[in-house]
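J.: If you scroll down you'll find the structure; I have some questions about it.
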Amino acid sequence: TRAFDAYSIKQDFPILRQQVHGKPLIWLDNAATTQKPQAVIDRISYFYETENSNIHRAAHALAARSTDAYEAAREKVRRFLGAGSSNDIVFTRGATEAINLVAQAWGRRNVREGDEIVITWLEHHANIVPWQMLCAETGAVLRVAPVDDSGQVLLDEYTKLLGPRTRIVSLPQVSNALGTVTPAQEMVAIAHRHGACVLLDGAQAVSHMPVNVQALDCDFYVFSGHKVFAPTGIGVLYGKPDVLAAMPPWQGGGNMIADVTFEKTIYQPPPGRFEAGTGNIADAVGLGAAIDYLDRIGMGNIAAYEHELLGYATQGLLGVPGLTIIGTAKEKAGVISFVLDGCRAEDVGAALDREGIAVRAGHHCAQPILRRFGLEATVRPSLALYNTYEDIDALVAALHRIQTQKTYRAR
Ligand code: PMP
Numbered sequence: 363t364r365a366f367d368a369y370s371i372k373q374d375f376p377i378l379r380q381q382v383h384g385k386p387l388i389w390l391d392n393a394a395t396t397q398k399p400q401a402v403i404d405r406i407s408y409f410y411e412t413e414n415s416n417i418h419r420a421a422h423a424l425a426a427r428s429t430d431a432y433e434a435a436r437e438k439v440r441r442f443l444g445a446g447s448s449n450d451i452v453f454t455r456g457a458t459e460a461i462n463l464v465a466q467a468w469g470r471r472n473v474r475e476g477d478e479i480v481i482t483w484l485e486h487h488a489n490i491v492p493w494q495m496l497c498a499e500t501g502a503v504l505r506v507a508p509v510d511d512s513g514q515v516l517l518d519e520y521t522k523l524l525g526p527r528t529r530i531v532s533l534p535q536v537s538n539a540l541g542t543v544t545p546a547q548e549m550v551a552i553a554h555r556h557g558a559c560v561l562l563d564g565a566q567a568v569s570h571m572p573v574n575v576q577a578l579d580c581d582f583y584v585f586s587g588h589k590v591f592a593p594t595g596i597g598v599l600y601g602k603p604d605v606l607a608a609m610p611p612w613q614g615g616g617n618m619i620a621d622v623t624f625e626k627t628i629y630q631p632p633p634g635r636f637e638a639g640t641g642n643i644a645d646a647v648g649l650g651a652a653i654d655y656l657d658r659i660g661m662g663n664i665a666a667y668e669h670e671l672l673g674y675a676t677q678g679l680l681g682v683p684g685l686t687i688i689g690t691a692k693e694k695a696g697v698i699s700f701v702l703d704g705c706r707a708e709d710v711g712a713a714l715d716r717e718g719i720a721v722r723a724g725h726h727c728a729q730p731i732l733r734r735f736g737l738e739a740t741v742r743p744s745l746a747l748y749n750t751y752e753d754i755d756a757l758v759a760a761l762h763r764i765q766t767q768k769t770y771r772a773r
């Protein structure tokens with residue numbers, strides 16, 4: 363097998379060829395969104411140049427082309443997630459919409475007053491707020507599994523939270539704020555022993571590691587296309603076939619029906635039942651192209667390379683005086699969160715930006731977990747397959763300069 367070549371991979375991403383503030387752009391904000399390879403950009407152009415049509419409804423040449431392209435993308439997602447059937451794959455606007463779909467469609471049918479919903483302290487706001495809304499509507503109770511000082515879920519405490527009233531557990535496979543890889547497979551098995559359904563939030567996992575939803579045995583799995591080198595506005599909800607089949611629709615409209623009269627509507631089986639209205643056809647096709655791109659490189663190769671790069675970055679950052687890494691779990695992926703003594707995270711982010719280095723500084727839409735560590739903000743470089751050792755060297759060198767100059771220290 364050929365050595366992983368991040369340098370040639372970087373050449374596939376036209377946006378990374380530019381300079382920012384007179385410096386070569388170094389994109390280390392991949393947990394927020396990833397850049398798009400030329401193959402994805404070209405595929406979307408090709409769709410609009412040759413295939414664009416609404417799908418399913420009209421019987422003409424372009425409708426057939428766009429329908430084929432859309433359904434081929436669904437099949438690519440099925441393979442990417444290791445699902446059994448493309449009927450288990452629902453296209454959504456993103457991870458957020460997929461979680462809201464489950465909270466509302468599955469939740470309204472299955473959650474009653476006094477029932478319990480379990481999440482973890484690691485959650486992105488997208489995996490907190492929809493459940494809070496469901497609790498407010500139904501009188502269910504939200505329970506939160508704590509983490510240890512490394513930012514890993516305390517399995518004993520998690521297990522203690524589960525009981526006969528637990529209806530659903532929703533947890534991240536990888537934390538966007540700390541990079542913790544949770545023991546998702548084990549947590550799914552524990553939840554199932556208590557008769558609870560499980561949703562895995564894979565938003566921060568799919569770009570970093572191979573995923574197999576059947577091995578994980580989760581009932582639902584969600585992710586966003588834009589975090590896996592595909593366009594914004596397209597995402598995925600995977601559901602086990604029996605779980606999806608028993609779930610009522612969420613939104614009503616065209617596409618999701620088999621027959622409509624004023625008296626009664628018969629719904630499509632999944633996945634059509636959950637795709638009301640005209641979907642984001644072009645960007646679903648773009649997601650399929652992103653998956654093809656990743657297939658050519660191999661998710662296993664990407665995971666191995668990023669694991670080494672993350673270790674290299676961690677070592678480099680620990681050498682910066684006054685830098686503390688937040689989140690030191692044994693298993694991490696993609697993300698490093700840190701604070702710098704005497705510097706506001708936002709100022710560090712701005713100083714790095716002046717050097718052409720894009721990172722996120724803030725609460726990362728995960729305020730509870732930062733507050734667990736007594737913080738309102740961290741600096742968060744996050745990795746992708748196109749990041750090189752030189753990118754990390756540039757980040758570390760810039761932080762050394764920031765720290766010695768003390769220019770950006772809070773007054
Ligand atoms: N969950 C996690 C862990 C995330 O990192 C994100 C995005 N930052 C989301 C959910 C929500 O994704 P989106 O905004 O694309 O819907």
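Going by the UniProt record's numbering, the sequence shown opens with residue 363, and the numbers climb by one from there. Just so it is clear, CB atoms sit at the ideal spot from N, CA and C, and this is done for glycine as well. All figures in this text were calculated on a predicted structure; none of them were measured in a lab.
If I follow the unbroken alpha helix (DSSP H) through residue 526, where does it start and stop?
T.: Where residue 526 is concerned, there is no enclosing alpha helix (DSSP H), given that its DSSP letter is neither H nor E.
J.: CB-CB under 7 angstroms to residue 635, same chain, minus the five flanking residues each way: which ones, in chain order?
T.: For residue 635, where only same-chain residues beyond five positions count, the Cβ hits under 7 angstroms are 611, 618, 629.
J.: Roughly how many angstroms separate the alpha carbons of residue 382 and residue 724, rounded to a whole number?
T.: So the two alpha carbons sit approximately 21 angstroms from each other.
J.: Residue 542 by DSSP, collapsed to three states: which one?
T.: Of the three classes helix, strand and coil, the one that applies to residue 542 here is strand, per DSSP.
J.: Sorted by chain position, which residues of the same chain lie with C-beta nearer than 7 angstroms to residue 377's C-beta, five sequence neighbours on each side aside?
T.: Excluding residues within five positions, the ones whose Cβ falls inside 7 angstroms are 397.
J.: DSSP state of residue 585, grouped into three classes?
T.: Strand, per DSSP.
J.: Determine the burial state of residue 537: buried for a count of at least 16 other Cβ atoms within 10 Å of its Cβ, exposed for fewer.
T.: Buried is the call here.
J.: On the DSSP bridge list, what partners appear for residue 389?
T.: 720, per the DSSP bridge assignment.
J.: Can you check which of these residues, 393, 450, 438, is closest to residue 650 by C-alpha distance?
T.: Answer by Cα proximity: 438.
J.: Let's test the definition: count the other Cβ atoms within 10 Å of the Cβ of residue 818 and tell me whether it reaches 16, buried, or not, exposed.
T.: Here the chain has residues from 363 to 773 only, and residue 818 is not among them.
J.: Buried or exposed: which applies to residue 680, given that a residue is buried once 16 or more other Cβ atoms fall within 10 Å of its Cβ?
T.: Exposed: under 16 other Cβ atoms inside 10 Å.
J.: Give me the Cα-Cα distance between residue 375 and residue 499, rounded to the nearest whole angstrom.
T.: Near 45 angstroms, if we compare the C-alpha coordinates of residue 499 and residue 375.
J.: Measuring straight from C-alpha to C-alpha, what distance separates residue 565 and residue 367?
T.: Cα-Cα distance, rounded: 25 angstroms.
J.: For residue 580, is the beta carbon positioned less than 7 angstroms from some heavy atom of the ligand PMP?
T.: Residue 580: no, Cβ never under 7 angstroms from the ligand PMP.
J.: Determine the direct distance from the alpha carbon of residue 506 to that of residue 662, and round the result to whole angstroms.
T.: Their Cα atoms are separated by approximately 32 angstroms.
J.: Is the stretch 671–686 close to the stretch 740–748, with three or more CB pairs under 8 angstroms?
T.: Touching, per the Cβ criterion.
J.: Would a C-beta distance cut-off of 8 angstroms place residue 579 and residue 605 closer than the cut-off?
T.: Cβ atoms of residue 579 and residue 605: not closer than 8 angstroms.
J.: Please state if the CB of residue 423 and the CB of residue 417 are separated by a distance shorter than 8 angstroms.
T.: Their beta carbons are not under 8 angstroms apart, which means residue 417 does not touch residue 423 by this criterion.
J.: Is any non-hydrogen atom of the ligand PMP found closer than 7 angstroms to the C-beta of residue 767, if you look at the structure I gave you?
T.: Incorrect: residue 767 has no Cβ contact closer than 7 angstroms to the ligand PMP.
J.: Excluding the 5 residues flanking residue 413 on each side, which residues of the same chain have their C-beta closer than 6 angstroms to its C-beta?
T.: Only 427, 428, 431 meet the Cβ criterion.
J.: Let me confirm a value: residue 476 is counted as buried when at least 16 other C-beta atoms fall within 10 Å, else exposed. Which label applies?
T.: Residue 476 should be labelled exposed.
J.: State the DSSP-derived secondary structure class of residue 625, mapped to helix, strand or coil.
T.: It is coil, neither helix nor strand.
J.: Within 10 angstroms of its Cβ, does residue 773 collect 16 or more other Cβ (buried), or is it exposed?
T.: Its pLDDT being 46, under 50, residue 773 is placed unreliably in this model, and the coordinates cannot settle the point.
J.: Please report how far the alpha carbon of residue 552 lies from the alpha carbon of residue 534, in whole angstroms.
T.: Their Cα atoms are separated by approximately 15 angstroms.
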